[in-house]
Amino acid sequence: MVNPTKSYRNTFIILAVVLLLIFILNISLGSVYIPLKQLFLAFMNGEVEKESWKSIALDYRLPKAITAIIVGSGLSISGLLMQTLFRNPLAGPYVLGISSGASLGVAILILGASLFGGTIASFAFSSWGHAIAASLGAFLVLSAVMLAAVKVRNTMSILIIGLMFGSLTASVISVLAYFSSANQLQQYLFWSFGSLGNLSWNEILVLLVVFLIGITFVIFIIKPLNSLLLGENYAKSMGVNVKRTRSITLISTSLLTGVITAFSGPIAFIGLAVPHLTKLLFSTSNHKILVPAVAISGAIIMLICDSIAQLPTSEYTLPINAITSLFGAPIIIWLLVRKRKTTY
Amino acid sequence: MENPQKHIIKTTNLSIGYASKKKVNTIASNLNIELGEGKLVCLLGKNGIGKSTLLRTLTKVQPALSGEIFINNNNLKTLNSLDLAKSLSLVLTEHLPESNLTVYELVALGRQPYTNWVGNLSETDLKFIDTAFEQTNTKHLINSKYYELSDGQLQKVLIARALAQNTNIIILDEPTAHLDIHHTIETFALLKKLAKDFHKTIIVSTHEINLALQLADILWLMTPSNFMADITENLIENNCLDQLFESDLISFNKTLKQFTVSNSY
């Protein structure tokens with residue numbers, strides 16, 4: 091008998107092509123439209139009709155598009171990991187309060203900087219400072235939610251616990267905000283709106299390095315994640331070290347969510363919605379397929395959301411969170427309303 | 195005479211139960227079990243007597259209070275989880291989490307102890323999976339999603355998964371709890387066949403006493419005071435089955451070889 095596990099090569103090729111097209115489209119669209127031919131010339135370092143086009147494409151839109159890809163992929167993979175680990179189709183970095191944890195880390199750093207004094211304050215505004223603080227915050231909340239999940243098996247209860255952690259961190263942040271200066275407050279507020287732009291190449295490098303470390307961890311737990319699809323007891327009976335798998339998931343999710351939140355602010359719903367859409371498209375639960383598929387889909391959807399947010403041909407840019415929520419929240423409602431024997 | 199080397203499962207002075215800092219709750223003690231190859235064992239006892247605790251202890255899900263357990267002559271304490279997974283597979287009652295797994299993928303997961311680090315299936319793996327489908331007669335289901343199956347089909351597929359794991363011991367926790375009488379008998383017949391024809395040692399906890407009396411090679415009876423393990427005839431001969439339920443409502447009829455409702459209600 092031939093192995094009847096489906097081959098998904100064609101779907102992957104299509105997705106990759108779509109990603110490339112959206113990537114180019116994302117760079118060419120915006121307040122100023124850059125024709126594709128000119129864009130191509132700009133990339134090839136050729137003669138572009140307007141010098142401003144070249145700088146817009148290379149210095150502003152290209153880093154933003156790369157950020158969108160990393161943010162979309164990373165958050166979506168985090169969501170996938172949580173959905174498998176919590177055996178919960180509604181888990182995700184945002185709904186479980188992990189993004190709030192990362193926010194708390196950044197808030198303490200930005201708003202509390204004056205309390206710490208000179209050297210730490212300067213560290214606080216460095217990109218590594220943000221990344222580390224956010225990852226630690228994410229790690230803290232995720233550990234707490236996991237501890238709760240060991241005791242509480244009910245799907246909805248875990249979500250509510252995540253929600254409560256979100257409220258808790260929000261209240262701590264508002265206390266911090268009360269005692270901080272207008273300048274710090276403004277800085278934090280802008281960060282919390284979420285934004286994919288304004289990252290220097292240096293910051294993108296930090297983002298990319300941590301992203302790759304997180305992904306590397308994920309690759310090594312693909313097999314145990316598959317056995318967790320049958321539940322922890324079956325996984326154990328097949329020789330899986332469940333504790334170690336849980337720890338690695340904890341670390342990689344904290345790193346991914348942490349570093350992404352540090353640089354782009356808390357981005358809503360991508361981590362929850364993208365894995366569902368991908369599972370619908372691929373109709374599989376095999377993580378060997380899902381991890382790359384979710385990464386590509388996440389990148390595509392984030393690029394689309396960003397293209398919409400920059401409102402082509404207008405001067406205005408919408409907060410990226412408004413768009414991702416607009417896209418993600420209905421998906422959750424649909425998931426809850428649709429009562430079938432299985433949920434994706 | 196049985197060769198002592200042939201013991202698939204052996205326990206010496208085993209005590210099972212739950213230990214916390216405050217107190218030790220012993221459920222059964224002094225269990226000395228010796229079990230050979232190719233036996234179908236039915237574990238009987240009323241609700242809450244500790245059947246699951248015994249199975250959980252034998253499968254290393256929870257530690258023994260005292261005593262030793264040997265699986266294929268290896269001490270369970272020193273056996274690592276991967277080696278245990280190659281000797282012993284499980285069929286559990288719990289609901290599977292929601293997922294998109296197909297029947298083939300579900301059964302293929304049984305090969306996890308043998309596959310490489312990303313779980314790629316080798317030729318050998320494919321062969322074992324194929325055999326598992328043949329033995330359980332479930333080949334026609336391979337492309338279905340597991341959640342589309344009836345309870346009876348799902349039970350067979352879960353047994354196929356255990357078979358794909360290629361262990362000489364299979365332990366099932368109340369596999370027929372949700373099944374109608376036809377599928378219950380079918381499941382037991384399958385287990386009997388696996389023990390007899392494929393030399394699997396199979397332990398089933400069950401409430402299907404009358405079926406167990408007819409099909410099991412060995413019965414394990416758990417009562418509040420006692421643990422008895424023997425072939426069915428001996429247990430009937432020694433009036434052991436009457437101790438199973440301390441109730442006036444139900445009694446064991448030796449001539450019919452089954453439990454009947456007493457007239458005294």
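Sequence lines, in order, name chains A and B.
Just so we're aligned, residue 91 is where the first sequence starts under the numbering used here, counting upward by one.
Just so we're aligned, residue 195 is where the second sequence starts under the numbering used here, counting upward by one.
Virtual Cβ for every residue (Gly too), placed ideally from N, Cα, C.
Keep in mind the model is a prediction, meaning the values are calculated, not measured.
Considering only C-alpha positions, which residue in the set B:I243, B:I263, B:S214, B:K215 is nearest to T206 of chain B?
The option with the nearest alpha carbon to T206 of chain B is B:I263.
For the alpha helix (DSSP H) containing C434 of chain B, list its first residue and its last residue.
Per DSSP, C434 of chain B is not a residue of any alpha helix (DSSP H), being assigned neither H nor E.
Along the chain, where does the alpha helix (DSSP H) containing N404 of chain B start, and where does it finish?
For N404 of chain B, the enclosing alpha helix (DSSP H) starts and ends at 403-409.
In whole angstroms, what separates the C-alpha of L357 of chain B from that of L385 of chain B?
Rounded to whole angstroms, L357 of chain B and L385 of chain B show a C-alpha spacing of 11 Å.
Pairwise C-alpha distance: N428 of chain B and E440 of chain B:
Rounded to the nearest angstrom, the two C-alpha atoms are 20 Å apart.
How about I360 of chain A and G388 of chain A: do their beta carbons lie closer than 8 Å?
Yes, the Cβ-Cβ distance between I360 of chain A and G388 of chain A is below 8 Å.
Is the Cβ-Cβ distance between I203 of chain B and I227 of chain B less than 8 Å?
The beta carbons of I203 of chain B and I227 of chain B sit closer together than 8 Å.
Close-in-space but distant-in-sequence residues of the same chain around L286 of chain B (CB under 6 Å, 5 per side omitted)
Here the set comprises D367.
Of all the CB atoms in chain A, is at least one closer than 8 Å to the CB of N207 of chain B?
By the rule that beta-carbons nearer than 8 Å mark a contact, N207 of chain B does not touch chain A.
P183 of chain A and T347 of chain A: beta carbons closer than 8 Å?
Taking C-beta atoms as the reference points, P183 of chain A and T347 of chain A count as a pair closer than 8 Å.
From the beta carbon of T433 of chain A, is the nearest beta carbon of chain B less than 8 Å away?
Its pLDDT being 43, under 50, T433 of chain A is placed unreliably by the model, and the measurement read from it follows with that caveat. Yes, because at least one Cβ of chain B sits closer than 8 Å to the Cβ of T433 of chain A.
Tell me whether the beta-carbon of L318 of chain A lies closer than 8 Å to the beta-carbon of L175 of chain A.
Yes, the pair counts as a contact, with Cβ atoms nearer than the cut-off.
Does Y98 of chain A get closer than 8 Å to chain B when you measure Cβ to Cβ?
It does not: the Cβ of Y98 of chain A has no partner Cβ on chain B nearer than 8 Å.
Which stretch, first to last residue, makes up the beta strand (DSSP E) that contains N292 of chain A?
That residue, N292 of chain A, is in no beta strand (DSSP E); its alpha helix (DSSP H) goes 291-310.
Closer than 6 Å by C-beta to T332 of chain B: which residues in its own chain qualify, once you throw out the five before and the five after it? Chain order, please.
Around T332 of chain B, the same chain offers K350, V351, A354 as residues with beta carbons nearer than 6 Å, after the five sequence neighbours per side are excluded.
Closest to K154 of chain A by C-alpha separation, out of A:D396, A:I379, A:L126, would be which residue?
Looking at A:D396, A:I379, A:L126, the one whose alpha-carbon comes closest to that of K154 of chain A is A:D396.
Please tell me whether S317 of chain A has its Cβ less than 8 Å away from any Cβ of chain B.
By this cut-off, S317 of chain A is an interface position.
Please list, in chain order, the chain B residues whose beta carbon lies closer than 8 Å to that of R177 of chain A.
Within 8 Å Cβ-Cβ: P291, E292.
Taking DSSP as the reference, what is the three-state secondary structure of I203 of chain B?
I203 of chain B: strand per DSSP, three-state reduction.
Can you list, in chain order, the residues of its chain with a C-beta nearer than 6 Å to that of P198 of chain B? Leave out the 5 residues immediately preceding and following it.
Here the model assigns P198 of chain B a pLDDT of 48, short of 50, so the residue's position is not dependable, and the following value carries that caveat. Nothing listed; no residue qualifies.
So what's M422 of chain B in DSSP terms, helix, strand or just coil?
Reduced to three states, the DSSP call for M422 of chain B is strand.
Alpha-carbon spacing of S145 of chain A relative to L126 of chain A, whole angstroms
Between the alpha carbons of S145 of chain A and L126 of chain A lies a distance of about 15 Å.
Between which two residues does the beta strand (DSSP E) harbouring W414 of chain B extend?
Per DSSP, W414 of chain B belongs to the beta strand (DSSP E) from 412-416.
Shorter than 8 Å from the beta carbon of M246 of chain A to some beta carbon of chain B?
M246 of chain A does not count as touching chain B.
Counting only Cβ pairs nearer than 7 Å, list the residues of chain A close to P418 of chain B.
For P418 of chain B, no chain A residue has a C-beta closer than 7 Å to its own C-beta; the minimum C-beta separation is roughly 27 Å.
Please tell me whether L186 of chain A has its Cβ less than 8 Å away from any Cβ of chain B.
With 8 Å as the cut-off, L186 of chain A does not count as an interface residue toward chain B.
Kindly indicate if chain B contains any beta-carbon less than 8 Å away from that of K333 of chain A.
Not one chain B Cβ lies under 8 Å of K333 of chain A.
Should L405 of chain B and T378 of chain B be called a contact, given that it needs their Cβ atoms to be closer than 8 Å?
Between L405 of chain B and T378 of chain B, the gap from beta carbon to beta carbon is short of 8 Å.
Within 8 Å of any Cβ in chain A, is that where the Cβ of A279 of chain B sits?
At least one CB atom of chain A sits nearer than 8 Å to the CB of A279 of chain B.
For S404 of chain A, collect the residues of the same chain with a Cβ closer than 7 Å to its Cβ; drop the 5 residues on either side in sequence, then sort them by chain order.
Apart from sequence neighbours up to five positions away, the residues of its chain that approach S404 of chain A with a beta-carbon distance below 7 Å are S121, ordered along the chain.
On the DSSP bridge assignment, give the partners of C236 of chain B in chain order.
Answer by DSSP bridge pairing, in chain order: B:V398, B:L413.
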